[in-house]
Ligand SMILES: [Zn+2]
């Protein structure tokens, strides 16, 4: 016989706070947290059971700037990702808008970046999902190529020995570093931003091989090796 444990129901409330829609979920947790729904831009607040409306309003108001930033980033994210792939539609490559053109050509499916265009060349018509996949793989490959060059350039400067480089599309992180394996994971979306933004993320992850945590030492190493890192970080919205 299986045992079933009855799960306490979470209580969900919706408030309006300073023009924001706030969806509060009260549940059995110790510390509250706040995040943004990337589609609706609602403010999602999870709180311990004994939290009243005033506490929620205080939390939302105290994080107003953070909320604005996250909402702006979510809007940008949607803009970058909801594309129709019609001829002339602009797509961002290394911080510059480039127009798509669709071409039928012999051989395998490929994407070719020229001075004026980002050409999608396929032997026959392909679906939107297939185009998204093709371009996604192309972006990842761009990041792999440029990222590898950056690692070759920076590893001797920092005197670190990085492991493997993995590039994949990630929704909430630009990069990460596993200090045990020294492997580095980089978000393929960085191919849409200026190369300097990728360089900032790459140096950040490589510096983790010298200092695993975001300690004062970590940031003084960043200041030492990449003095304008804050400026480069701000390219990432
Ligand atoms: Zn970090």
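Numbering (this note's numbering), first residue to last: 928 to 1164.
Beta carbons: idealized from backbone N, C-alpha and C, even for Gly.
Collapsed DSSP secondary structure at residue i in the structure displayed
{"i": "residue 1047", "result": "strand"}
{"i": "residue 1042", "result": "coil"}
{"i": "residue 1058", "result": "helix"}
{"i": "residue 971", "result": "strand"}
{"i": "residue 1135", "result": "coil"}
{"i": "residue 1086", "result": "coil"}
{"i": "residue 963", "result": "strand"}
{"i": "residue 954", "result": "strand"}
{"i": "residue 928", "result": "The predicted position of residue 928 is uncertain, since its pLDDT is 45 and thus under 50; a value taken from the coordinates is nonetheless stated next. Here residue 928 sits in coil by DSSP."}
{"i": "residue 1076", "result": "helix"}
{"i": "residue 1006", "result": "helix"}
{"i": "residue 989", "result": "helix"}
{"i": "residue 1148", "result": "helix"}
{"i": "residue 1015", "result": "coil"}
{"i": "residue 1053", "result": "coil"}
{"i": "residue 1164", "result": "coil"}
{"i": "residue 1125", "result": "helix"}
{"i": "residue 976", "result": "coil"}
Own chain, CB closer than 8 Å to residue i, minus 5 neighbours either side, in chain order
{"i": "residue 1106", "result": "1135, 1136, 1139"}
{"i": "residue 941", "result": "948, 949, 950, 951"}
{"i": "residue 1067", "result": "1094, 1095, 1096, 1115, 1118"}
{"i": "residue 994", "result": "947, 961, 963, 970, 987"}
{"i": "residue 957", "result": "975"}
{"i": "residue 1050", "result": "1031, 1032, 1033, 1034, 1035, 1036"}
{"i": "residue 1159", "result": "1123, 1124, 1126, 1127, 1153"}
Counted within 10 angstroms of its Cβ, other Cβ atoms place residue i as buried (16 or more) or exposed
{"i": "residue 1069", "result": "buried"}
{"i": "residue 1008", "result": "exposed"}
{"i": "residue 1122", "result": "buried"}
{"i": "residue 1055", "result": "exposed"}
{"i": "residue 1089", "result": "buried"}
{"i": "residue 1144", "result": "exposed"}
{"i": "residue 1058", "result": "buried"}
{"i": "residue 1040", "result": "exposed"}
{"i": "residue 972", "result": "buried"}
{"i": "residue 1084", "result": "exposed"}
Contact belief for residue i with residue j at Cβ below 8 Å, rounded distance in angstroms
{"i": "residue 1043", "j": "residue 1027", "result": "With a Cβ gap of about 11 Å, residue 1043 and residue 1027 do not count as contacting."}
{"i": "residue 1111", "j": "residue 1132", "result": "5 Å"}
{"i": "residue 889", "j": "residue 986", "result": "No statement about residue 889 is possible, as the shown extent of the chain runs from 928 to 1164 and does not include it."}
{"i": "residue 1164", "j": "residue 999", "result": "6 Å"}
In DSSP terms, what residue i is bridged to
{"i": "residue 1112", "result": "1093, 1103"}
{"i": "residue 1030", "result": "1048"}
{"i": "residue 949", "result": "942, 970"}
{"i": "residue 1023", "result": "1020"}
{"i": "residue 1069", "result": "Per DSSP, none; premise fails for residue 1069."}
{"i": "residue 1037", "result": "1048"}
Spatial neighbours of residue i in its chain, beta-carbon cut-off 7 Å, leaving aside the 5 residues before and after
{"i": "residue 1128", "result": "1101, 1102, 1113, 1117"}
{"i": "residue 978", "result": "953, 959"}
{"i": "residue 1190", "result": "Since the first and last residues shown for the chain are 928 and 1164, residue 1190 lies out of range."}
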